[in-house]
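So the sequence shown is residues 184 to 457, counted in the working numbering.
Note that CB positions come from ideal geometry on N, CA and C, so glycine has one too.
All values reported here derive from a predicted model rather than from experimental measurement.
I have placed the structure first, in the form of structure tokens, so that the comments after it can refer back to it.
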Amino acid sequence: VLEHGRSILDRGASAVEAVEQCASLLEDDPLFNAGCGSVLNENGKVEMDAGIMDGRDLAAGAVAAISNVANPVQLARLVMDGSEHVLLIGDGALHFAEHCGVKLTPDHYFFTPDRIKQLEQARLHHRIMLDHDDEGEEQKYGTIGAVARDRAGNLAAATSTGGIVNKRMGRVGDSPIIGAGVYADNASCAVSATGYGEDFMRTVFAKTLADIIDFRGGDARSAVDEGLAYLTRKVQGRGGAICIDGAGRCASGMTTKKMIHGWIEHGGEAICRF
Ligand code: GLY
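So, in structure tokens, the structure goes:
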């Protein structure tokens, strides 16, 4: 995914194009909790959220509580580029998808045996949980996100998720909430967050990282460190984030044990952390 992002940015793609394409690849991978392989809600259904933001002009698009769209991030992009709105939900978002010519995908595409097992476990223990709550190899494939800076220096961010396991029907997390799970502003940074969405909404997490740089100065590293310290101090928040600043410096951090992530900084080597 990182190399794909590099190659299209090298060919002159915009940061928005890069985050949309990279997020789509992650949505297509059944290991992750977005698109195919999304977690299941209390009714055993997939309800997905996604958001995308362009740091050039703060244009943003998002969809929430949607089903039967293989790439929610692409629908979020359509909302950004092709509607007067920022956030569309549920049936309204699906109606808009059909209006845009997006083909709906049958339920079975999204379901994986692991997610069915995970819901059974969550129900058994009466828990609503992150899909990667516990230790163990199979437990760490969560919400997906991408941030990028293009050759023109523009920033963009995208986040997409199935949410949390056994969540209530209609629950919306931080991923499609601009400023909570996704944010991009050329003047500061682009951020994509993962974790318990409620914690990230209550702290307006992604915008907080941007504000740290905007109002105080600093870089992606200091913003992630201060932002996660704030998340912990205020709400004992659990999750993590990736961030790129206007100078192309990358940073990541988490308060959970694990978060699969990687970056290519200033055209260097691809670094992956598992
Ligand atoms: N951060 C993903 C969610 O809570 O839905």
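- At least one heavy atom of the ligand GLY falls within 8 angstroms of the beta-carbon of Gly356.
- In the pairwise beta carbon analysis, the segment 186-196 is classified as not touching the segment 261-275: fewer than three pairs are separated by under 8 angstroms.
- One thing to note: Phe388 has its Cβ within 9 angstroms of the Cβ of Gly364.
- Apart from the 5 residues on each side of it in sequence, Gly436 sits with its Cβ closer than 7 angstroms to the Cβ of Val407, Asp408, Leu411, Gly423, Ala424 in its chain, given in chain order.
- Measuring C-alpha to C-alpha distances from Ala248 to each of Asp240, Asn254, Asp232, Gly420 identifies Asp232 as the nearest.
- One alpha carbon belongs to Asp394, the other to Ser371, and they sit about 8 angstroms apart.
- The nearest non-hydrogen atom of the ligand GLY is 8 angstroms or more from the C-beta of Asp274.
- Per DSSP, the unbroken alpha helix (DSSP H) holding Thr415 starts and ends at 403-418.
- Cβ contact annotation for Leu302 (same chain, cutoff 7 angstroms, sequence separation greater than five): Leu223, Gly227, Val348, Asn349, in chain order.
- Residue range 198-211 is occupied by the alpha helix (DSSP H) that includes Ala206.
- Relative to the ligand GLY, Ala206 has its C-beta separated by 8 angstroms or more from all heavy atoms.
- Pairing Ile327 with Ala217 gives a Cβ-Cβ distance under 9 angstroms.
- Residue environment analysis places Phe457 among the exposed positions, since fewer than 16 neighbouring C-beta atoms fall within 10 angstroms of its C-beta.
- For the pair Leu270 and Ile360, the CB atoms are nearer than the 9 angstroms cut-off.
- For Ser190, no beta strand (DSSP E) segment is defined; the enclosing uninterrupted segment is the alpha helix (DSSP H) at 185-193.
- According to the DSSP assignment, Asp428 belongs to the beta strand (DSSP E) that extends over 422-428.
- Nearest to Cys283 by alpha-carbon distance, out of Val184, Val252, Gly429, Thr415, is Val252.
- The continuous alpha helix (DSSP H) containing His282 extends over residues 273-282.
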